[in-house]
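Participant: Numbering (our numbering), first residue to last: 40 to 389. The beta-carbon is built from N, C-alpha and C at its ideal position, and this holds for glycine as well. None of these values were measured; they are calculated from a predicted model.
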């Protein structure tokens with residue numbers, strides 16, 4: 040009788056340490072995201088304890104491990120955050136190992152794991168490529184029209200145009216950039232939707248059209264520089280011409296008063312000198328009023344606008360308007376000469 044009583048007391052006293060652990064395993068799971076995740080993203084995984092019983096009173100020790108990626112936070116806790124590498128693909132296995140420091144429970148669940156499917160990081164896509172140099176101006180416009188369609192069909196993608204220079208033709212990249220900018224204006228396509236860069240010259244340099252999906256890194260172009268939106272003139276410059284035989288676009292800036300106003304405003308000392316060829320003073324005044332009025336709406340002060348009349352024979356094909364920029368420190372004699380200069384009209388037609 041005494042032995043039975045002592046044995047019963049022993050069982051009752053040992054229950055807090057051994058009793059629950061002998062029949063309870065503190066089961067738990069870890070929950071990974073159900074959806075496919077992209078390489079380069081962060082994910083958080085948390086342990087779920089059955090009935091909310093964590094066994095914290097027995098000082099659990101947690102240790103996370105991953106088959107790919109990097110644990111960035113939460114090591115030693117029931118929740119962790121993992122950074123998936125940009126080059127990681129396939130399946131990521133996340134494992135949580137657990138043991139108790141406060142007591143020994145032979146039957147306790149030691150670990151749990153889950154898997155994550157990783158989709159590769161999207162890659163930038165080369166949409167088109169053609170020679171930077173050469174006289175294929177109209178071809179460049181046609182290719183750019185196709186690129187506009189691609190941009191509109193993929194509104195979340197980042198658009199990039201790369202102008203590689205050509206070792207055999209100086210300034211080929213700047214010439215091509217000018218042509219494509221003209222076509223942006225002609226089509227009234229928002230240039231802010233496209234980033235443009237110059238790249239170092241090379242043999243048979245090309246112009247490239249790229250689209251970079253959201254989440255992807257744009258192509259790395261060593262030695263590239265951003266194409267300036269507006270170039271500050273350093274000498275008296277013919278910005279653009281308007282002729283009856285078509286709008287220039289291949290060999291000079293397209294006739295665009297908004298673009299002209301931007302150039303003028305790069306320096307408050309710039310002067311707009313507008314040469315208007317008409318068959319009569321009346322026709323000249325009408326054209327001058329139209330151009331000056333538009334420039335004033337665009338923020339160019341009237342005091343910075345000079346118009347010059349040049350007589351031409353009564354023939355609409357001889358009429359013209361030239362937009363000149365006279366920067367500061369340009370001598371009055373050289374500025375005056377431009378009223379008698381007329382460049383040959385562009386043969387481009389649309």
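Candidates 84, 202, 236, 130: which alpha carbon is nearest residue 117's?
Facilitator: Checking every option, the nearest Cα to that of residue 117 belongs to 84.
Participant: Please state whether DSSP places residue 337 in a helix, a strand or coil.
Facilitator: Correct three-state label for residue 337: coil.
Participant: When burial is assigned at 16 or more other CB atoms within 10 Å of the CB, is residue 329 buried or exposed?
Facilitator: So residue 329 counts as exposed.
Participant: Cα-Cα, which of 100, 262, 200 is closest to residue 186?
Facilitator: Ranking 100, 262, 200 by Cα distance to residue 186 puts 200 first.
Participant: Considering only C-alpha positions, which residue in the set 156, 161, 275, 282 is nearest to residue 391?
Facilitator: There is no way to answer for residue 391, as the model of the chain reaches only from 40 to 389.
Participant: Which residue marks the beginning of the alpha helix (DSSP H) containing residue 215, and which one marks its end?
Facilitator: Residue 215 -> alpha helix (DSSP H) spans 211-226.
Participant: What residue from 111, 183, 68, 138 has the CA that sits closest to residue 96's CA?
Facilitator: For residue 96, the nearest C-alpha among the options comes from 138.
Participant: For the pair the region 233-242 and the region 272-279, tell me if three or more CB-CB distances fall below 8 Å.
Facilitator: No, they do not touch.
Participant: For the beta strand (DSSP E) that residue 182 lies in, which residues bound it at each end?
Facilitator: Where residue 182 is concerned, there is no enclosing beta strand (DSSP E), although the alpha helix (DSSP H) it sits in stretches over 176-192.
Participant: Give me, in chain order, the residues of the same chain whose beta-carbon lies closer than 7 Å to that of residue 358; leave out the 5 immediate sequence neighbours on both sides.
Facilitator: Closer than 7 Å at Cβ, skipping near neighbours: 283, 316, 317, 351.
Participant: In whole angstroms, what separates the C-alpha of residue 378 from that of residue 360?
Facilitator: Bear in mind that the predicted position of residue 378 carries a pLDDT of just 42, short of 50, making it too unreliable to give a figure here.
Participant: Is it true that the CB of residue 64 sits closer than 7 Å to the CB of residue 115?
Facilitator: No, the pair does not count as a contact, with Cβ atoms beyond the cut-off.
Participant: List the endpoints of the continuous beta strand (DSSP E) containing residue 101.
Facilitator: 99-105 is the extent of the beta strand (DSSP E) around residue 101.
Participant: Taking 8 Å as the cut-off, does the region 330-338 touch the region 295-314 (at least 3 CB pairs, one atom from each stretch)?
Facilitator: Yes, since at least three Cβ pairs between the region 295-314 and the region 330-338 fall closer than 8 Å, the two stretches touch.
Participant: Can you name, in chain order, every residue of its own chain whose Cβ lies under 6 Å from the Cβ of residue 104, other than the five neighbours on each side?
Facilitator: Hits under 6 Å: 134.
Participant: Within a Cβ cutoff of 7 Å, which residues of the same chain sit near residue 101, ignoring the five residues on either side of it in sequence?
Facilitator: Only 115, 116, 117, 135, 137 meet the Cβ criterion.
Participant: Under 8 Å, with one C-beta from each stretch per pair, do the region 148-164 and the region 71-80 reach the 3-pair mark?
Facilitator: Yes, they touch.
Participant: Closest to residue 189 by CA distance: which of 208, 164, 272, 216 is it?
Facilitator: Looking at the Cα atoms, 164 is the closest of the given residues.
Participant: Give the straight-line distance between the Cα atoms of residue 260 and residue 73, rounded to the nearest whole angstrom.
Facilitator: Between residue 260 and residue 73, the C-alpha separation is close to 37 Å.
Participant: Quick check on DSSP: helix, strand or coil for residue 282?
Facilitator: Strand.
Participant: What do you reckon, are the CB atoms on residue 246 and residue 202 nearer than 7 Å?
Facilitator: Yes, these two residues count as a Cβ contact at 7 Å.
Participant: Using a Cβ-Cβ distance cut-off of 7 Å, determine whether residue 146 contacts chain D.
Facilitator: As a matter of chain content, chain D is missing from the structure shown, which is built from one protein chain.
Participant: Opposite residue 356 in the DSSP bridges: which residues?
Facilitator: DSSP output for residue 356 lists no bridge partner at all.
Participant: The beta strand (DSSP E) spanning residue 238 covers which residue range?
Facilitator: From DSSP, the beta strand (DSSP E) with residue 238 extends over 233-241.
Participant: For residue 363 versus residue 312, is the C-beta spacing smaller than 7 Å?
Facilitator: The answer is yes: Cβ separation under 7 Å.
Participant: Put residue 126 into one of helix, strand or coil per three-state DSSP.
Facilitator: It is coil, neither helix nor strand.
Participant: Quick check on the burial criterion: 16 or more other C-beta atoms within 10 angstroms. Buried or exposed for residue 265?
Facilitator: Exposed: under 16 other Cβ atoms inside 10 Å.
Participant: Whose CA, out of 177, 196, 368, lies closest to the CA of residue 166?
Facilitator: Residue 196 is the option with its Cα nearest to residue 166.
Participant: Between residue 106 and residue 131, is the Cβ-Cβ spacing less than 7 Å?
Facilitator: Against a cut-off of 7 Å, the Cβ pair of residue 131 and residue 106 comes out as a contact.
Participant: For residue 181, count neighbouring Cβ atoms within 10 angstroms of its own Cβ and tell me buried if that reaches 16, exposed if not.
Facilitator: Label assigned to residue 181: exposed.
Participant: What would DSSP say about residue 311, mapped onto helix, strand or coil?
Facilitator: Residue state, collapsed to three classes: strand.
Participant: Spatial neighbours of residue 148 within its chain, please: C-beta separation below 8 Å, excluding the five flanking residues on both sides.
Facilitator: Excluding residues within five positions, the ones whose Cβ falls inside 8 Å are 64, 65, 66, 67, 137.
Participant: What residues in its chain sit with their C-beta under 6 Å from that of residue 367, if we drop five residues either side in the sequence?
Facilitator: Excluding residues within five positions, the ones whose Cβ falls inside 6 Å are 308.
Participant: Which partner residues does residue 265 have in the DSSP bridge list?
Facilitator: Bridge partners of residue 265: 236.
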